[in-house]
Amino acid sequence: MRRPIRLFATLLALASVTASCAIREQAEPRDIPPVQADVFGASATGDAATGERSIYLLAPAGNDGIQQLRAVRRNTPSSANELLNSLVSGPNSEESAAGMSSAIPAELRLRRSPLTVGTRLTIDINSALDELSDLGLRQALAQIVATASEIEPVQQVRLRVNGELRSWPTGDGEVTDQPLSIYDFPGFLESSQPPFPALPST
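Going letter by letter, the sequence shown gives residues 756 to 957 in our numbering.
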């Protein structure tokens, strides 16, 4: 009978030692260290990232006299409002010195914050575009659409003037009342593809 009693006493002592080593609940909550807070999904701000976005300006005319759109970087938040206001500001001094320009009038203003629904961005502007010529208007529209397409998940742009829907010319001059996309302006954007090497003469 003594052996079972001793075995029980040994197990009881071992359980007591194990319980004393266990992690006990603290009486008061404690802060999560900053490194752990990041792991648990603290949202990063845009300012902490590189913040580089693209707007589209008119590059210097080529040998054919045509100006195409060129993407230039801007250190601006990714919101449509901020990016489009940066576009309206036009080229900086270095870009102007390099021959870059913009077809968008400096008087252009956003009447309210652009609204994104699905992949469509609706922009309400004043009537500044009405003063542009045919080519200038198509270039300005291409700049707006290409810049807006830099914003996720935008693929189409609906442009209103003073709250009213308008019909707009596409790259080939055809007028449409449908939302615009970069595919409506073929040939307006510079290609990012390097030129093909010349074929050897035979």
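Every residue, glycine too, gets a C-beta built ideally from N, C-alpha and C.
As the structure is a prediction and not an experimental result, all values here were calculated from the model.
Bridge partners of residue i, per DSSP?
i    : result
Q911 : R875
P924 : V930
I880 : L865, V916
Whole angstroms is fine: what's the gap from residue i's alpha carbon to residue j's?
i    : j    : result
I906 : I859 : 19 angstroms
T874 : I937 : 13 angstroms
V909 : A861 : 24 angstroms
V872 : Q822 : 32 angstroms
N818 : S946 : 16 angstroms
T931 : N830 : 33 angstroms
A826 : Q911 : 18 angstroms
L887 : L863 : 11 angstroms
R921 : L935 : 11 angstroms
G820 : A814 : 11 angstroms
G918 : A853 : 37 angstroms
With residue i and residue j assumed to form a contact (beta carbons below 8 angstroms), what rounded beta-carbon distance in angstroms separates them?
i    : j    : result
R828 : E850 : Contact doesn't hold; Cβ gap of about 11 angstroms is too wide.
L892 : L884 : 6 angstroms
State buried or exposed for residue i, treating a residue as buried only when at least 16 other CB atoms are found within 10 Å of its CB.
i    : result
R866 : exposed
A901 : buried
S904 : buried
P941 : exposed
D939 : buried
Against chain B, with Cβ distances strictly below 9 angstroms, would residue i count as a contact?
i    : result
E945 : Absence of chain B from the displayed structure is noted, only one protein chain being present.
At 3 residues or longer, and completely inside the region 797–870: list those beta strand (DSSP E) runs for me, N to C. 807–813, 824–830
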